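Q: Below are the structure tokens for one structure; questions will follow.
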Amino acid sequence: MSENGKPKFAMYWAAGCGGCEIAVLNIHEKILDVDANFEVVFWPVAMDAKYQDVEALPDGAITLCLFNGAIRNSENEEMAHLLRRKSQILVAFGSCASEGCIPALANLTTPYAIFEAAYAGPSTDNPQGFRPQPSWPAPEGELHIPEFYPVVKTLDQVVPVDYTIPGCPPEARQIAAVLDVVIAALRGQATLPPPGAVLGAGGSTVCDECLRLRQEKKINGFARLQHVRPDTARCLLEQGVLCSGPATRSGCGALCPLAGAPCVGCYGPAEGTLDYGARLLSAVASVIDSNDPAEIERILDGIPDPAGVFYRFNLAGSLLHGGR
Amino acid sequence: MKYLLYPGCSMERTSRPYLDSMWAIAAPLGLELEEVNDWNCCGATEYVAISLVPAYALIARNLALAAGQANGTHTLVAPCSACYVNLSKADHYMRESDTLNQKVNSALAAGGLKYKPGTLQIRHLLDVIIHDLDMETIQSKVVRPLKGLRVAPYYGCMLPRPDYEKRWSNPEYPNELDRLLKLLGAEVIDFPLKTHCCGGHMTQIGPDVAYELIRRLLHAAADYQADLLATLCPMCQLNLDAYQGETNRYFGTHYHLPVLFFTQLIGLAFGLEPEVLGLGKELVDARPALARIGVELPETEAPAPAARKARRPKEALPMPRMSDE
Amino acid sequence: MTKQTNSSPKHEERIGVYVCHCGSNIAGVVNVEEVAQWAAGRLKHRGVIIARDYKFMCSSLGQEMIEKDIRDLGLTRVVVAACSPHLHEQTFRTACQRAGLNPYLCELVSIREQVSWVHTDKIVATEKAKAVLSGGVERVRLHEPLEPLRVPVHPATLVVGGGIAGIQAALEIADSGFPVYLVEREPSLGGHMAQFDKTFPTLDCAACILTPRMVSAGNHPHITLLTWSEVTQVEGYVGNFTVTIRKKARYVNTDLCTGCGICQEKCPARVIDEEFEAGLGYRKAIYSPFAQAVPKYPVLDRDNCTYFKKGTCRACEKFCPTGAIDFQQQDEIITLKVGNIILATGFDLFDARRVPQYGYGRLANVFTNLEFERLSNAAGPTNGRIVLRDGVTEPRTVGIVHCVGSRDRNYNNYCSVICCMQSLKFAHLVKERTGATVYNFYIDMRTAAKAYDEFYQRVLEEGTLFIRGRVAEVTDAARLAGEEGKIIIQVEDTLAGRQRRIPVDMVILAAGLEPRRDSKELARLFGVSCSADGWLIERHPKLDPVATMTEGIFIAGCVQGPKDIPNSVSQGAAASARVLGRIQQKEIALEPVRASINADRCSGCRICNNLCPFNAILFHEDQMVSEVNPALCQGCGTCVAACPAGAITGTVFSNEQVMAQIEGLLLLNLSRNGHRLAQTSVPVAA
Amino acid sequence: MEGTFEPVIIGFTCNWCSYRAADLAGTARVKYAPNVRLIRLMCSGRLDPTFVLKALASGADGVLITGCHPGECHYIEQNYKALRRYLLLRRMLEQMGIEPERVKLVWASAAEGAKLAQEITAMVEEIRALGPLNWPAGVRRCDFSRPLAAEAAPTNLEVAR
Amino acid sequence: MTSPTLETERAALPPLPAAPIADLHFLEEVSAATAGVSRLEMCIQCGTCGGSCPSAADMDHTPRQLFAMIRAGMRDEALRSNTPWICVSCYHCVVRCPQNVHITDVMYTLKSMAIEAKQYQDSTAPDFARTFVGFVENYGRSFELGLATRHYLRHYPLRLPGLAPLGLGMLGRGRMDLTPRKIEGVKQLKAILARARELEEEAGGK
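These protein sequence lines map, in sequence, to chains A, B, C, D and E. The first sequence begins at 1416 in my numbering and counts up by one. The second sequence begins at 2 in my numbering and counts up by one. The third sequence begins at 44 in my numbering and counts up by one. The fourth sequence begins at 7 in my numbering and counts up by one. The fifth sequence begins at 65 in my numbering and counts up by one.
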């Protein structure tokens, strides 16, 4: 407990877009409850803080730490270890921390290729062909920048994680609900869920919350949303638009399909799923309406980037982590 | 339609009429034929009897040249059955055997060439005419139906066999030439030896064997009261036409059966002049037979469709129906 | 996080491992003692508390050893490393059950068929045996106690096909007092046998031995005859099939018809009879295919009926003494409940036109074997006179060509079994009735059954000429003197080593047997498997030839493959014995391999709905969830693998069990350095 | 690395055809490479692509999927579902840099013991030529199976167990 | 273990005559030298090939017999047989063979093996093939007149006058050239063929 008696709260942004930070602000007046119940000790986006300040805290001093972003470099990993040591409840907050999310799609390629894309190419003005170096002798002394890892990892691949809140970003109402439970638990009015649990999400998949009409599925061809004008009331997948809803954990309220866009899978795998991409791939392939290999191949040509589609949010968390 | 053309050695000389008539009907049929530059002999059946890899390398040079020349088409047309079989066989075996493919390509490399088996579709002239063209269009161009002409459709061996790509209706009894000739108005007989051998190169290396084979064909055609034989292969035409006299002499027979190329008959039906079709260059004079075209014979004198078809008594049992009729 | 590779057992299992020597079958290659010792040590932390090896684990002493351990050591799981589970799974399950352990907590892993019999390097084989065993141990940890599914058996049986095999099967069951529905697509029972004249090798008249059977089947109080009918739908499962049958309109009221035949006499439309007379004779538009037809009622062939074609005629109606003709009749749809099904749909004849060099269809005097059966049949179109196609002339020389469309990669690769004997029979009949010279052209003479070779000897004695050589071509193109006007058979006489041309008057082609043209649809309709050829596949080619892989569906006769009459009859009887066994048991036990859906997890996405060929998955619109009907589920697991939400689980082969087995199998890596083995991943309790 | 590389292949078999083919190979004493370890499923339709990924992730160098020939599935047509999944999975694995030779689909009827043996041996040879399924250094270095529990900070909150 | 007594008894017997030489690798050799797969081992001796052959009457052995001889390792007899030389490449046997044996291709193989081993009885056909190939290798095209005259002069000199009308008829109708035609890429072709011959020899056996 801190000097003012309030439990300490931390939030950290590793490899990610920052949307999770905004999502926390999106809980509107609920943010006041956070302030009322916690003392924010570390939240680089919201307040000035130094890593040393965290290091100075006794182990386990932070009650709740929301960690968003994936582990892309050595700094991310160091902070993960540090915050783990200092926190009683470490939450993998959002898709990046829990599954790798979009940053992890980089696992399909190599650091070399990534640097080539970033530091060379037509849109980059880099006549000397500089590339980031881990250390550099500056007049002030040797300077270091964090080491870029060959693969993106999820938070729970580097430190034990207590809970996961999925979503890209997590839905505001779900964040609010989780905060309510933690606050109630702090007051002794509730019990925390068992460790390892996924919070702020449902137990089924997106289809459970989707109101589109469904029939038996038979797919004769896949099309991208921009190329077709799907029936507004019918299941998108049945119309050949690759919707990840059937395999994606519920909790978002089926926002995308109800707005006319296919689910992209940001809430991650359903309960008990070992590999999200394989599950979705299996389901989608099973309902292809052909037994002829040539015809099946033709239909599959409608999915030009299977790894990107089936593992859009999940590559780092998958069995193969993206291959090689 | 556009095709690459591999004429083959015979077309330029012994089967000049075939070449001429092919070019003559190409325009009315809408066939655009582009000759493969600097093609060489296919090796006939001789080269492979001496050594395997050179024989296939010889053929493959043509395939490589044709593939390199592929200009909006990958179909290579050969009007000669022997060339057709050699070209398609090389492509087939190169696909089937990796070892052969590697050897042949390594030989081609010595001449700066390469060929990926399967690149070309190798087809016979009759195949593209009957399968690629619209039958109604062909029929509409017929101005002089070959009415009254009894034609024995003669396919020979190497067109329908071994038929790696299954391009023909049957390896024993194909019907493509029959259908085409009927379209031209000819009376087509059910020639039982339509795919039997003309003797091939045996006229050179074992004339006794060859003359017997020629005799069988002539006898069967005469037995079925054919006016002439229609053929689609230079070797078949050469053996049946040029060696008909020899055969008659050898056996003391007197068959007189003109042998024309199917392209000549198409040209005739299209109303083209006999000269441009190379007519008159055959050794067995076709004029008497061709004079029958259009001659209306009195009903009673018309020969029965098959010479030996017996009158059906009322006790007769039904005949099985052919499925394709 | 919820990612777990193993869902760990709730309490620590006590596993017994038993490694069989199988005499020297396993022990000759695999060091079984080493495998057992390794399991006891290395797999101890996985719950293995005892590991033993024994000479013959399946012997009573071996089984008793396991039972004793279960009782004395309180084993909760048993893994036996021995032969294939298809051989002895049941044996060891029963042993466990005797000792009070649920039989489904036993796992049999194959180290004989998959290790000792297929590998030679003893060290590598021993290591592989350890890996296979380790996979079994990981798997058995997640086994659940199960009960076999018990389903009642409906006492009625459906027999499809009214040929001799189907008739035999129907009579056997009906004679035992149980109801049978006998469905036949043609107007009459009888099948191919009814078309034959004599039957080899005894030369009994086919009609004389078949007709009484047909009549018994037609009159039997327990047999419901459904001729001119076809099965259109099959639902359900063993013991409880629901079958839909379309009874085609006969346009004859069978309650009124007496079978007098006047309608046939008066009908003006003459049609070539392609079915019963094999195209060699004629029938009317209203007809009964043959005199002894069962049932006796004729059928009206709508496509050839003058009234249906032109709107006038009605001759049959005018002359019918009982007013039985009914032009208004419609197809009738019948639904039946049956417990078991016997398929006896027979064969089709190979179409000899497909071998154009044999001249059938072009040369008038080339006949097929079925045509010749009709030709030589006293009730056939020529009253049994063997004549040429002109209907008058007797042949003086006849050539019989074996293996037409059989034993030929261009057509059918298999031997049609009956043609050699049939051809010998033809040779005898031709000789006997016409005195003609007869040639038989054969590749190999196959007369392998009781009294068959004796018949061959008899035909040899009668002076039939045998030429060993497959006929190359049959032609009318004469080449040599004496060939004019004849059909010439060109062949290599392989015994003489030269090509021969034999002019004959008549050629009989021994066309082979083929699966029914719609056999693939038949297989799909009944949910049984058929080979690439189209023959239905038996459960075991030797030990279970009349059962199929689908419980409750049996096969008899040529639907399973070419066979002669004695074998078809035997199979009909055998299939009925299997069915009667089921009926007597009143209920049957099924493997409890089934899928089930967790309704809380199911989002109603309907991915699985269309994946089940047995229609076992229902969708509840009101609750928006799918459900598996365990009675219809066959346990294939396709829906389990397809469920995107992971809401479907399957017993015996759950995701967790398969994953655990993968980890177990990969416990040991193969040698990367000579024969020394390196350890890779070690499965740890999650 | 000393000695030769011996690949390990996990083979999925169908209870009705390919598992029986393996049995038949045994009874016929057909010899094949010992590098394969078979798992029996009821049908190739049971094959969850997760199994393939799991095998590769757990150290297998290749995965062989077997089932009844098209049109011969014991469950009518479930092998086609395996085919559909396989064709899609193959595309995805290729994106991940896994050579297509490592995951194969082979149809083998119960009668094709010799064919199955031949396919297995051929696949072992192909994978032997490819070498071990090498993950980039980075992936190997990051040890995903390392126990993490010791690192967690203790909590004094009440947590459901 | 054999008993020493028996050994002694055996030693006392006169030596047995030598077994006829059977070259059991001959089948493999023929198969290996054939384009594609020969399937010779699949032959069931049904005689479809011999029955179908238009020139079987003139053959020493029917194709079927020849295949049996190959399998029996009768190398010399098989290579000396005139059968492959009488084959007219009509492919009737190939499409009819119930075992899909590649008969025509095997005939080509036997011809080239016979030439290699100089084991043919009659040099007519091998000579013709060589003359034909000679023209093709030097000009890139075949040359009927040269081929026919050279060939007939050597093998059927007495028949040549009889064929004069035929030759003159062909010449008169413009169906025969007096001089061979030559392709432009003769050099290239020769390089290809030279490399091909090297490859053929490298393969050994042939």
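Don't be surprised by glycine CBs; every beta carbon is placed ideally from N, CA and C. Please read these numbers as outputs of a predicted model, since none were measured by experiment.
Which residues, in order along the stretch 590-605 of chain C, keep a beta-carbon less than 9 angstroms from a beta-carbon of chain A?
A: Cβ contacts with chain A: none found.
Q: Quick one: Cα of B:E47 to Cα of E:V152, how far?
A: 11 angstroms
Q: In chain E, which residues lie with their C-beta within 7 angstroms of the C-beta of B:H197?
A: P118
Q: Do D:G68 and the ligand HEM come close, with the Cβ less than 7 angstroms from some heavy atom?
A: Ligands in the displayed structure: none, and consequently the ligand HEM is not present.
Q: By a C-beta neighbour count over all protein chains shown, 10 Å radius and 16 as the cutoff for buried, is A:Y1564 buried or exposed?
A: buried
Q: Given C:E56, which residues of its chain have a CB within under 7 angstroms of its CB, disregarding the five upstream and five downstream residues?
A: G90, T119, R120 and R184
Q: Do we get a CB-CB distance below 8 angstroms when we pair C:A685 with the residues of chain A?
A: yes
Q: Just tell me which of D:L99, D:T56, D:K87 and D:G73 has its CA closest to the CA of D:E125.
A: D:G73
Q: Smallest Cα separation from C:P198: which of C:C149, C:H265 and C:K98?
A: C:H265
Q: Can you look up B:W24 in the DSSP assignment and give me helix, strand or coil?
A: Reduced to three states, the DSSP call for B:W24 is helix.
Q: Given a cut-off of 8 angstroms on the beta-carbon distance, is the pair C:A479 and C:V447 in contact?
A: no
Q: Just list the alpha helix (DSSP H) runs in the stretch 464-510 of chain C, keeping only unbroken ones of 4 residues or longer that don't cross its boundaries, in chain order.
A: 495-504
Q: When DSSP builds the beta bridges, which residues end up paired with A:K1568?
A: A:I1486
Q: Between the stretch 643-661 of chain C and chain A, which residues of the former have a C-beta closer than 9 angstroms to a C-beta of the latter?
A: D643, R644, C645, S646, G647, C648, R649, I650, C651, N652, N653 and L654
Q: Suppose the cutoff is 8 angstroms on Cβ atoms and the five residues either side in sequence are ignored; what does the same chain contact list for A:P1422 look like?
A: If we look at A:P1422 and ignore the five residues flanking it on each side, its Cβ neighbours are M1416, N1452, F1453, E1454, T1478, L1479 and L1601.
Q: How many angstroms separate the CA atom of A:P1542 from the CA atom of A:G1536?
A: 11 angstroms
Q: For chain D, check one thing: does any of its Cβ atoms lie closer than 8 angstroms to the Cβ of C:M702?
A: yes
Q: So which of C:P364, C:E527, C:T297 and C:G282 has the shortest CA-CA distance to C:R625?
A: C:G282
Q: Select from C:T287, C:I329 and C:T275 the residue whose C-alpha is nearest the C-alpha of C:C300.
A: C:I329
Q: Listed from N- to C-terminal order along the chain, which residues in the stretch 668-697 of chain C have their beta-carbon within a distance smaller than 8 angstroms of any beta-carbon of chain A?
A: T681, A684, A685, C686, P687, A688, G689 and A690
Q: What residue range does the alpha helix (DSSP H) around C:K380 cover?
A: First-last for C:K380: E375 to V381, but that is the beta strand (DSSP E), not the alpha helix (DSSP H).
Q: Throw me the rounded Cβ distance for the A:S1489 and A:G1732 pair, which I believe falls under 8 angstroms.
A: Rounded, the Cβ-Cβ distance is 20 angstroms, inconsistent with contact.
Q: Can you give the beta carbon distance from A:L1695 to A:F1725, rounded, assuming they're within the 8 angstroms contact cut?
A: 5 angstroms
Q: Pick out the complete alpha helix (DSSP H) segments inside the stretch 567-640 of chain C, 4 residues or longer, and give them in chain order.
A: Complete alpha helix (DSSP H) runs here, min 4: 608-628.
Q: Where does A:G1431 fall in DSSP's three states?
A: coil
Q: Are the C-beta of D:L47 and some C-beta of chain C separated by less than 8 angstroms?
A: yes
Q: Below 9 angstroms on C-beta distance, what does D:A135 contact in chain A?
A: In chain order: nothing, as chain A lies at least about 18 angstroms away.
Q: Is the stretch 1619-1634 of chain A touching the stretch 1648-1664 of chain A in the sense that three or more CB pairs, one from each, lie closer than 8 angstroms?
A: In the pairwise beta carbon analysis, the stretch 1648-1664 of chain A is classified as touching the stretch 1619-1634 of chain A: at least three pairs are separated by under 8 angstroms.
Q: Return the CA-CA distance between B:A68 and B:G112, expressed in angstroms with no decimal places.
A: 15 angstroms
Q: From D:P106, D:V69 and D:A88, pick the residue whose C-alpha is nearest to that of D:K17; which is it?
A: Checking the sequence, you will find Gly at residue 17 of chain D rather than Lys. Nearest C-alpha to D:G17: D:V69.
Q: Have a look at B:I51 and B:G44 and give me their C-alpha separation to the nearest angstrom.
A: 10 angstroms
Q: Report the residue from B:Y19, B:N41 and B:T100 whose alpha carbon sits nearest the alpha carbon of E:K251.
A: B:N41
Q: For C:S177, report the span of its alpha helix (DSSP H) as first-last.
A: K165 to R184
Q: May I ask you to list the residues that DSSP assigns as paired with E:H166?
A: Per DSSP, none; premise fails for E:H166.
Q: For E:Y203, which of helix, strand or coil comes out of DSSP?
A: helix
Q: Can a CB atom of chain C be found closer than 8 angstroms to the CB of E:A83?
A: no
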